[in-house]
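Following this note's numbering, the numbering of the sequence shown begins with 84 at its first residue and continues without gaps. Okay, structure first, notes after.
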Amino acid sequence: MTPDRTAQLLAPLAQPGELIAAKYRVERVVAIGGMGVVLAARNEDLDQKVAIKILRQDALANQEAVTRFLREARTAARLSGEHVARVFDVGTTETGVPFMVMEFLTGLDLQQVIDTHGPLSIQDAVDYVLQALEAVAEAHAAGVVHRDIKPSNLFLAEHADGTRHIKVLDFGISKGQGLDSPAEPGLTSTKQVMGSPGYMSPEQMMAPRTVDGRADVWSFGVLLYTLVTGEPPFQGETVAAVMANILHQPVPRLRDKRSDAPATLERIVSRCLERDVSERYANVGKLAQALEPLGSSFAKLSTSRIQSAIGAASPAGQTLLNSRAAEDSDRLSGASWSHTSNRRRSRRRLLVAAGVAALLTSAAGAGVWLVASVRVAPQAPSAAVSQKPERAAVDALGPQSPAAAPGAPAATASATAEASSPAAPPVPAPSAAPTGSAAADARPKATASGAPLKPGHPPRPPRSISEDEMLRSRH
């Protein structure tokens, strides 16, 4: 992207050198997405580096984008766990542009880890997922469903003391009790699908207004499969093909792709990926309990925190965790997507899948996916994040492209968010976690000495790379 184009997208927003809210000095543009911009800035009062998310100038007239941005801020404010990115401030610039100030994280997201080093070890994958489950359990307890769990939304943050742990990003498309009001009809209407197609549950594709926490359980199943095999279970050359496979094709067996995976893990993944929601784990706490024996010594602490979060659920969270996610009552009343209650819907679902294949055309290249009456907004990963030397992520309200170079369209659909202030001592990440300076486009198959590279145990890269290189590697 040329400097002139960058300036055009920002003006009259915050330019490098300008001061936001009388204390945040903008240093530079880190990345530009389809509808948002991430700026590196410094809090001059505290001498603290931060990331600031704002909407692009050409998105300010889009009321849905503004509403989603504000909803992201509200969701962030409701969560306080250490595994969600902290939000320090929310407000508007002197020119009336909404902004959100977040912590500036250093590290890599798990998609970059996989792309760089291949599949994770079983123990690392389980530990990272358990940490992510802590964040999602807190969200569920507050009545919020994430709806976009995937490797690129799990950020392996590296701290000054060398410890690393997972931060869950992108709550911008989350669905919550009381968050969707008549003033926001477009955000979760039945004419929209929000999420990343390869990680979305069947019910999220077809009836997004009715999803509960078990939609996230499905996504965690896809996530686990992806982390230990290096690729998602449902694939296809087009988004339509991926969605049709999710709706109708048998779930691939985990151990066909990863022979050393424990049979227990295969059973856990298979249960997460039950199309009948009543057959999945009733909530993320049940999933965490099943995973705990496969994790490290820190797994028990994560599971304990998850159970505590569920136990402290708000009334809205209790509704989400218990009433709608109780397996026994669902079997009696008929859960949406159950095999018994949906026999008469099978033909309709098949027709919708055919509609996906027929209507998901070149319009996707223009930023619009037509899925029968469903509109899916393209998305790229987001967060106030940094890759060594540093990287701040884009507001994922649209396709992402780095500020310094054109970007390719994202292969996902949705939006964003972060949140948090630490509430408990950090859970140390496994010692084998990758360093933040690893280049996402490098795919080492052996160590510098020529020894085979074991899954989940990547060597430290021999050099650091520039941020522009790192950003380009994402596209």
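Heads up, the beta-carbon is just placed ideally off N, CA and C, and yes, glycines get one too.
At least 9 Å separates the beta-carbon of Y282 from that of V352. In the DSSP assignment, L239 forms a beta bridge with L191 and I249. Between the beta-carbon of V294 and that of R350 there is about 24 Å, and that puts the pair past the 8 Å contact cut.
Taking the Cα of E165 as reference, the smallest distance to any Cα among V180, L213 and G201 is reached at L213. Residue state for N145 is assigned as coil, using DSSP reduced to three classes.
A160 is not a Cβ neighbour of E186, given a cutoff of 9 Å. DSSP places D339 inside the alpha helix (DSSP H), whose first and last residues are L337 to K340. When the five nearest sequence neighbours on each side are left out, the beta carbons in the same chain lying within less than 8 Å of the beta carbon of L370 are those of L216, V300, F303, I351, C355 and Y364, in order along the chain. In the DSSP assignment, F182 is bridged to I137 and G174.
Going by DSSP, A323 is part of the alpha helix (DSSP H) stretching over V322 to H331.
Under the three-state reduction of DSSP output, K132 falls in the strand class.
Under the DSSP assignment, A392 falls in the alpha helix (DSSP H) whose first and last residues are A382 to G394. For G119, the enclosing beta strand (DSSP E) stretches over residues G119 to N126. The three-state secondary structure of A114, taken from DSSP, is strand.
K383 sits exposed, since fewer than 16 C-beta atoms from the chains shown fall within 10 Å of its C-beta. A distance below 6 Å between beta-carbons, with the five flanking residues on each side excluded, links N328 to the following residues of its chain, in chain order: F317 and G319. Distance from the CA atom of I232 to the CA atom of S279, rounded to whole angstroms, is 8 Å. Secondary structure of Y282 (DSSP, three-state): helix. A buried status is given to Q195, since no fewer than 16 other beta-carbon atoms sit within 10 Å of its beta-carbon. Within the DSSP secondary-structure output, Y364 pairs in no beta bridge. For V167, the beta-bridge partners assigned by DSSP are V251. In terms of Cβ geometry, L193 and F238 form a close pair [threshold 9 Å].
In the DSSP assignment, R350 falls within the unbroken alpha helix (DSSP H) covering A346 to C355.
For the pair H242 and N366, the CB atoms are not nearer than the 9 Å cut-off. With contacts defined by Cβ atoms closer than 9 Å, A346 and I205 do not form a contacting pair.
Straight through space, the alpha carbons of G226 and V360 are spaced by roughly 18 Å.
Proximity to V112 across V121, A105, A104 and K106 peaks at V121, based on C-alpha coordinates. For the options E127, A123 and G368, the alpha carbon positioned closest to that of A392 is the one of G368. Close CB contacts of Y211 within its chain, under the 6 Å cut and outside five residues either way in sequence, are with I249 (chain order). The secondary-structure analysis by DSSP pairs Y107 across a beta bridge with I103 and N126. Just measuring C-alpha positions, the residue of V228, A395 and Q98 sitting nearest V180 is Q98.
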